[in-house]
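What follows is a set of notes on a single structure, which appears directly below.
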């Protein structure tokens, strides 16, 4: 990732309106790496990519200022890293590997250019963690800052869907869960510590290598936890037509969540069960013996009964906040 | 494209906030066709597509309410058709064929569900013109309505870039040009006629089959005209390092553009030279004999001189409005 050279043509206070569309595109493009599979990168009507195998895995996500992030809570580079992470994580959750990303930026004219370039640096750096590069994009003006990301990748084995969980499977989790929700609760009360939670909210740390490992290990269903653990387990339960029972004693509650639970008068399990934004992977496996290293068994799958497909916690419906809704 | 069944669960006045995210996604997904190459469509973490050849062509675009369209000027189905057309046209301009599209909708909570479904119908119908289908998407809340489209496709021959125009080439155009700009000018004055221009603005009619034909015929450079004819010719000139000279007498000015030129006191050529949104193709060919049927030769390419790569009209710099700027 190249830095904008010292003496770049934009004064620190420059806004998007000051510099205009094409200089902005040039500055962004200069930040982005290329890769061997990119035959034509940004700058033409479309990018042209060489695809190594016959399957293309594609996901798209929008992030809206004020709804998915706040510029006063999260530095631009971290917003960029998060915008990339949540999309890369979707490819991970299929058992695939992301290679190529497009980035759309709809932004107010008075947005500082420096914010956009810092955002792009964080975005590109997160993509580089998995070897993906930005191959195209669009910038335009909007009263509301909206970031639109589409990520493409391949998979070497069959993709792991949400619909394959079977009664008798175990359910396992890989990656930290509840930390981002804890950080969000801290920021929401106007605090800045515990710092480790705030950092977890500002920057996700998805287990990018784990998806392909789980696919190779025979995961029967998989999802990344972005809406909330119970909510996303519910997506597997519904798609598979099963009941997923989560055992709350399977979780070791990390100390910072205990601390903010006490400080805010909240059960720390609610961050784990209801929180999103950490992007761990949740998957089902035929038996505990199939579960790869680094994963924790947190529950089991059983057949849907008269009450239908759903998620239980310790055998009972979960009464806490289930997760995020978009409208 | 399936219609939402009569007795669909949404009352005519329902807003996005009334129905929520997942029912909206279900209703949208029900509208979209599938296709043989879509192994996994909307509803999982990512779509999985079978790709027929080793090259993937990708383009992405944003459309923002108030900037790229107005809901009071253009019916929802036409906004959808336009959102699809401008992206499909980018694949066309590479000489490729679009197969798969993702659709992101960031929308105010009080937007009527009916608007979104009509938009999606128009979007899907336009995609169907080239055999492309919607394979994934995202919906979320935003104060500003922003539509984010990414389109993917393949090409059977080498993609045609902007950078291949050579001195001595002829420059040719395929598809109507200036009509949409005329329609926009009409609407901007509060009029509704000539209706044929207003319709052209509301719904583009790109020559989708022409891109691949031009590629097969050996087009040396190609672009779709979305920003304006002089502006987009300028993108070819800059990328190729050449001068493009457009002959204004090559254009037969259509009668409705004469009519509104008279009514508004404007030179009708300004709609042709400066207008965008019609999405004709502009390409260079090694000789007039290479130009396929249905294309009109409108100029020529010569070597850049001391004044650099640029566009001329009748041998002189063009003084009119050159096209669209995004900030």
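Chains as they are written, first to last, in the UniProt record's numbering: chain L, 1 to 327; chain W, 1 to 327. Every residue gets a Cβ at the ideal spot worked out from N, C-alpha and C, and that includes glycine.
query                                                                                                                                                                          : result
Name the two residues that bound the continuous alpha helix (DSSP H) containing residue 198 (chain L).                                                                         : 195-202
Could you give the distance in angstroms between the alpha-carbon of residue 125 (chain W) and the alpha-carbon of residue 80 (chain W)?                                       : 9 Å
Can the beta-carbon of residue 165 (chain L) be found closer than 8 Å to that of residue 301 (chain L)?                                                                        : yes
At 4 residues or longer, and completely inside the stretch 198-272 of chain W: list those alpha helix (DSSP H) runs for me, N to C.                                            : 210-216, 229-240 and 255-264
Rounded to the nearest angstrom, what separates residue 25 (chain L) and residue 12 (chain W) at their Cα positions?                                                           : 42 Å
When the Cβ atoms of the stretch 144-162 of chain L are set against those of the stretch 242-255 of chain L, are three or more pairs found closer than 8 Å?                    : no
Is residue 275 (chain W) near residue 226 (chain W), with beta carbons less than 8 Å apart?                                                                                    : no
Using a C-beta to C-beta distance shorter than 7 Å, which residues of chain L count as neighbours of residue 225 (chain W)?                                                    : Those do not exist, as residue 225 (chain W) stays about 11 Å from chain L at its closest Cβ, beyond 7 Å.
In chain order, what residues of the same chain lie with their CB nearer than 6 Å to the CB of residue 14 (chain W), ignoring the 5 residues before and after it?              : 113
Taking only the alpha-carbon atoms, compute the straight-line gap between residue 295 (chain L) and residue 118 (chain L) and give it to the nearest angstrom.                 : 34 Å
Is residue 312 (chain W) close to chain L? Criterion is C-beta to C-beta, closer than 8 Å.                                                                                     : no
Comparing alpha-carbon positions, which option in L:205, L:136, L:65 and L:76 lies nearest residue 141 (chain W)?                                                              : L:65
How would you write the range of the alpha helix (DSSP H) that residue 25 (chain L) sits in, first residue to last?                                                            : 21-31
Identify each residue in the stretch 118-151 of chain W for which the Cβ-Cβ distance to at least one residue of chain L is less than 7 Å, and report them in chain order.      : 135, 136, 137, 138, 139, 140, 141, 142, 143, 144, 146, 148 and 150
So if DSSP puts residue 47 (chain L) in a beta bridge, which residue, or which two residues, is it bridged to?                                                                 : W:58
For the stretch 247-261 of chain L, which residues have a beta carbon sitting closer than 9 Å to at least one beta carbon of chain W?                                          : none
Can you tell me which of L:173, L:184 and L:153 puts its alpha carbon nearest to the alpha carbon of residue 74 (chain L)?                                                     : L:184
Who are the neighbours of residue 298 (chain L) on chain W, taking C-beta pairs under 8 Å?                                                                                     : Here the premise fails: no neighbours, minimum Cβ distance about 19 Å.
List, in chain order, every chain W residue whose beta-carbon is nearer than 8 Å to that of residue 33 (chain L).                                                              : Result: empty, since nearest Cβ-Cβ is about 17 Å, beyond 8 Å.
Taking the DSSP output, what are the residues bridged to residue 134 (chain W)?                                                                                                : W:101
Take the Cβ of residue 258 (chain W) as the centre, count every other Cβ of all protein chains shown within 10 Å, and call the residue buried at 16 or more, exposed below.    : exposed
Please confirm whether residue 272 (chain W) and residue 186 (chain W) have their CB atoms less than 8 Å apart.                                                                : no
Measure the alpha-carbon distance for residue 33 (chain W) versus residue 55 (chain L) and round it to whole angstroms.                                                        : 20 Å
Check whether the Cβ of residue 193 (chain W) lies closer than 8 Å to any Cβ atom in chain L.                                                                                  : no
Could you work out which residue in W:41, W:172, W:106 and W:85 is closest to residue 217 (chain W) when comparing CA atoms only?                                              : W:172
May I ask which residues mark the beginning and end of the alpha helix (DSSP H) holding residue 188 (chain L)?                                                                 : 179-188
Quick check on the DSSP output: the beta strand (DSSP E) that includes residue 310 (chain W) runs from which residue to which?                                                 : 310-313
Out of L:161, L:135, L:91 and L:21, which one is the CA nearest neighbour of residue 285 (chain L)?                                                                            : L:161
By Cβ distance, which residues of its chain are closer than 6 Å to residue 35 (chain W), with the 5 residues on each side in sequence left out?                                : 133
From the DSSP output, read off the bridge partner residues of residue 284 (chain L).                                                                                           : L:171 and L:221
For residue 233 (chain W), go through chain L and note every residue whose CB falls closer than 7 Å to its CB, in chain order.                                                 : Going along chain L, no residue has its Cβ under 7 Å from residue 233 (chain W), so there is no contact; the nearest lies around 14 Å.
Relative to the alpha-carbon of residue 176 (chain W), which residue among W:109, W:110 and W:253 has its alpha-carbon at the smallest distance?                               : W:253
For residue 157 (chain L), which residues of its own chain have a beta-carbon under 7 Å away from its beta-carbon, when the five flanking residues on both sides are left out? : 95, 215 and 216
Give the secondary structure of residue 76 (chain L) by DSSP, where H, G and I count as helix, E and B as strand, and everything else as coil.                                 : helix
Would residue 58 (chain W) and residue 31 (chain L) be called neighbours here (beta carbons separated by less than 8 Å)?                                                       : no
From which residue to which residue does the beta strand (DSSP E) around residue 291 (chain W) run?                                                                            : Here residue 291 (chain W) belongs to no beta strand (DSSP E), and DSSP marks it neither H nor E.
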